[in-house]
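Asker: Got a structure for you, questions after.
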Amino acid sequence: MTAVAFHPGTVRSGLDRDSALVTAAKASLIGRRLTRSPEEGAEPIIRIATTDRGKLRDVFYNRLEPEPLRTAATDADLGARLRQRAHELTHALT
């Protein structure tokens, strides 16, 4: 299993429909020019799903461009503390 993090950009979807201000901003002429359609927003996940898994390690996709992971994302001690805290909050098995 491979986990990949990505940001699709600002997409005109219904995810923020409870915010009248955001919905109005995205519907404006300027908002429509600055946001992506749902199809365009799906491009990163489609590319990730069709990429060789070996090329997906240690990378974050900002839209369609891979970027190196930031230091915090590779900090093993921070990861262990995060897992411990998640276990404490959820009482999940690790």
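Per the working numbering, the very first residue in the sequence shown carries number 303; after that it's consecutive.
C-beta atoms are modelled at their ideal positions from N, C-alpha and C, and glycine is treated no differently.
Keep in mind the model is a prediction, meaning the values are calculated, not measured.
State yes or no: is the C-beta of PRO346 within less than 8 Å of the C-beta of PHE308?
Answerer: Walking along the sequence shown from the start, residue 346 turns up at place 44. Walking along the sequence shown from the start, residue 308 turns up at place 6. PHE308 sits close to PRO346, with the two beta carbons spaced by under 8 Å.
Asker: Apply the 10 Å Cβ neighbour rule to ILE350 and answer buried if 16 or more other Cβ atoms are within range, or exposed otherwise.
Answerer: Here residue 350 refers to the residue found at position 48 of the sequence shown. Classification of ILE350: buried, given that the 10 Å Cβ count is 16 or more.
Asker: Is it the case that the CB of HIS309 approaches a heavy atom of the ligand FAD more closely than 7 Å?
Answerer: The model on display carries no ligand, and the ligand FAD is accordingly not part of it.
Asker: In its own chain, which residues sit with a C-beta less than 7 Å from the C-beta of ALA374, not counting the 5 before and 5 after it?
Answerer: Here the question's residue 374 lines up with position 72 in the sequence shown. Within the same chain, ALA374 has close Cβ partners LEU380.
Asker: Among residues of its own chain, excluding the 5 on either side of THR304, which ones have a beta-carbon nearer than 8 Å to its beta-carbon?
Answerer: Indexing the sequence shown from 1 puts residue 304 at position 2. Only ARG355, LEU358, ARG359 meet the Cβ criterion.
Asker: Quick check: the Cα distance between ALA382 and THR376, rounded to an integer number of angstroms?
Answerer: Start at 1 with the first residue of the sequence shown, and residue 382 comes out as number 80. Start at 1 with the first residue of the sequence shown, and residue 376 comes out as number 74. Roughly 11 Å between the two C-alpha positions.
Asker: According to DSSP, is HIS389 part of a helix, a strand, or is it coil?
Answerer: In the sequence shown, the residue the question calls residue 389 occupies position 87. HIS389 sits in a helix when the DSSP states are folded into three classes.
Asker: Return the Cβ separation of PRO310 and ARG365 in integer angstroms, given the expectation that the two are a contact with Cβ distance under 8 Å.
Answerer: For the purposes of this step, residue 310 is taken as the residue at position 8 of the sequence shown. For the purposes of this step, residue 365 is taken as the residue at position 63 of the sequence shown. That pair is a contact at about 7 Å.
Asker: For PRO310, which three-state DSSP category applies?
Answerer: As a working mapping, residue 310 is identified with position 8 in the sequence shown. Note: PRO310 maps to coil in three-state DSSP.
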